[in-house]
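Novice: Numbering (this note's numbering), first residue to last: 12 to 364. By construction, the Cβ of each residue, glycine as well, lies at the ideal position given by its N, Cα and C atoms. Computed from a predicted model, the values in this text were never measured in an experiment. This is the structure I want to talk about, given as structure tokens.
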């Protein structure tokens, strides 16, 4: 076996697909049944859509033409707003389960080159010839290298001693879907006093709403800060229970430990504020597999740092700046008054993840 992929989410499955395309054999270890759901904003920027298309994956969803910032405190929804196109090609709003199902079908179509094992990794033992992966069910898988894409709270990152504490406020995400026709083809970001709500059209009759916050309280309590959005959602039928994820900020000492490479959220994560996670994760997965294929696993560390650097810098700056209630109060007005700066920021996110 050439590669073990730890984690069968979107990043892990993309890693396996790239491995198969390069003639490598891969086994994906994932304890959950497909399709796997997760609390996320569900908006894929044009660069991410292109990454999927290159693998022949075309999930159903709703086109996203732009990103709109909205003053969430306005009672009638007519407060300050700023919007910018994501580019000449649209992005895509797609439910996480729909995306995962499409990627699962693609891995199944790859034939014997990709094998999936429903189990959990509990041990990693490396030597000069490869990595022995111990499974909770008692078995083992042996491969030349491992790509770990097992999420924000990556057990692999902890097993390798690569976890690093973060002093940032512990922001988390909460997400729910509603049966309502999208009122825009933009991702709307409603800014409240202490949280943001991301409204993403994911079908002709469904929107996903994700709230990011560092405050205690549930989904409904956070929406109180955005009265117009809250009132609009009151008239819509919720399609599922609230799902949560976090803390969002995760740090890793390195992305490479011998023959093990970290990709996606497992490699470190800043915040979901700019919606770049999936695209960056897919580019990292591709880079990790390419480095393994040419016998240069160490080279992945430098490639990881280069991938999406502008987007990570933008996200970090926004997260720090918006800890201030003064900044949050005037952010949308400032974006509307300096539209070229706002459009430039959106271009960074849309093109580099």
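In three-state terms, what does DSSP make of residue 364?
Specialist: Within the chain shown, numbered from 1, the residue matching residue 364 stands at position 353. Note on residue 364: pLDDT 48, under 50, position unreliable in the model; the coordinate value appears next. In the structure shown, residue 364 sits in coil (DSSP, three-state: anything other than H, G, I, E or B).
Novice: Would you say residue 318 and residue 294 are within 9 Å of each other, going by their C-beta atoms?
Specialist: Residue numbering aside, residue 318 sits at position 307 when the chain shown is read from its first letter. Residue numbering aside, residue 294 sits at position 283 when the chain shown is read from its first letter. Yes, the pair counts as a contact, with Cβ atoms nearer than the cut-off.
Novice: My guess is that residue 117 and residue 68 are in contact by the Cβ rule of under 8 Å, so how many angstroms apart are they, rounded?
Specialist: Along the chain shown, read from residue 1 onward, the residue named residue 117 stands at position 106. Along the chain shown, read from residue 1 onward, the residue named residue 68 stands at position 57. The Cβ separation is near 5 Å, so the contact holds.
Novice: Starting from the N-terminal side, write out each stretch of the alpha helix (DSSP H) that is 4 residues or longer and does not extend beyond the stretch 115-141.
Specialist: Entirely contained in the stretch 115-141, not one alpha helix (DSSP H) run reaches 4 residues.
Novice: If you draw a straight line from the alpha carbon of residue 13 to that of residue 299, how long is it in whole angstroms?
Specialist: Position 2 of the chain shown holds residue 13. Position 288 of the chain shown holds residue 299. Residue 13 and residue 299: Cα-Cα distance of roughly 13 Å.
Novice: What residue range is occupied by the uninterrupted beta strand (DSSP E) comprising residue 158?
Specialist: Position 147 of the chain shown, counted from the start, is the residue given in the question as residue 158. Residue 158 -> beta strand (DSSP E) spans 156-159.
Novice: Once you ignore the five residues that flank residue 108 on each side, which residues in its own chain have a CB closer than 8 Å to its CB?
Specialist: Along the chain shown, one-based indexing puts residue 108 at 97. For residue 108, where only same-chain residues beyond five positions count, the Cβ hits under 8 Å are 46, 47 and 48.
Novice: For residue 41, name the three-state secondary structure that DSSP assigns.
Specialist: Position 30 of the chain shown, counted from the first residue, corresponds to residue 41. Residue 41 falls in the coil class under three-state DSSP.
Novice: Determine which residues share a DSSP beta bridge with residue 92 and list them.
Specialist: As a working note, residue 92 is residue 81 in the chain shown. The bridge partners DSSP lists for residue 92 are 81.
Novice: Using only the alpha-carbon positions, how far apart do residue 364 and residue 284 sit?
Specialist: Here residue 364 corresponds to residue number 353 of the chain shown, with the count starting at 1. Here residue 284 corresponds to residue number 273 of the chain shown, with the count starting at 1. Residue placement at residue 364 is flagged as unreliable, the pLDDT there being 48, under the threshold of 50; a coordinate-derived value is accordingly withheld.
Novice: Assuming residue 182 and residue 263 are in contact, meaning their beta carbons sit under 8 Å apart, how far apart are those beta carbons, in whole angstroms?
Specialist: Position 171 of the chain shown, counted from the start, is the residue given in the question as residue 182. Position 252 of the chain shown, counted from the start, is the residue given in the question as residue 263. In fact, because the Cβ distance is near 18 Å, the residues do not count as touching under 8 Å.
Novice: Under three-state DSSP, which class holds residue 221?
Specialist: As a first step, residue 221 must be located in the chain shown, where it is residue number 210. Residue 221 falls in the strand class under three-state DSSP.
Novice: Return helix, strand or coil for residue 53, following the three-state DSSP convention.
Specialist: Start at 1 with the first residue of the chain shown, and residue 53 comes out as number 42. DSSP places residue 53 in coil when its eight states are reduced to three.
Novice: Mark residue 211 as exposed unless 16 or more other C-beta atoms lie within 10 angstroms of its C-beta, in which case mark it buried.
Specialist: Taking the first residue of the chain shown as 1, we reach residue 211 at position 200. In summary, residue 211 is buried, with 16 or more beta-carbon neighbours lying within 10 Å of its beta-carbon over all protein chains present.
Novice: Got a sec? Which residues, its chain only, sit under 6 Å from residue 158 by beta carbon, not counting five neighbours each side?
Specialist: Taking the first residue of the chain shown as position 1, residue 158 is located at position 147. Counting only Cβ-Cβ distances below 6 Å, and skipping sequence neighbours, we find 16, 26, 272, 274 and 299.
Novice: Indicate the three-state DSSP secondary structure (helix, strand or coil) for residue 351 in the structure shown.
Specialist: Along the chain shown, one-based indexing puts residue 351 at 340. The answer is helix: DSSP assigns residue 351 an H, G or I state.
Novice: Mind checking whether residue 125 and residue 28 have CB atoms under 9 Å apart?
Specialist: Reading the chain shown from its first residue, position 114 is the one you call residue 125. Reading the chain shown from its first residue, position 17 is the one you call residue 28. The Cβ-Cβ distance between residue 125 and residue 28 falls below 9 Å.
Novice: Residue 79 to residue 310, Cα distance in whole Å?
Specialist: Residue mapping note: residue 79 aligns to position 68 of the chain shown, counting from 1. Residue mapping note: residue 310 aligns to position 299 of the chain shown, counting from 1. If you take the alpha carbons of residue 79 and residue 310, they lie about 38 Å apart.
Novice: Here's a check: name, in chain order, each residue in its chain whose Cβ is nearer than 7 Å to the Cβ of residue 110, leaving out the five neighbours to either side.
Specialist: Your numbering for residue 110 matches position 99 in the chain shown. Excluding positions up to five away in sequence, the list reads 21 and 70.
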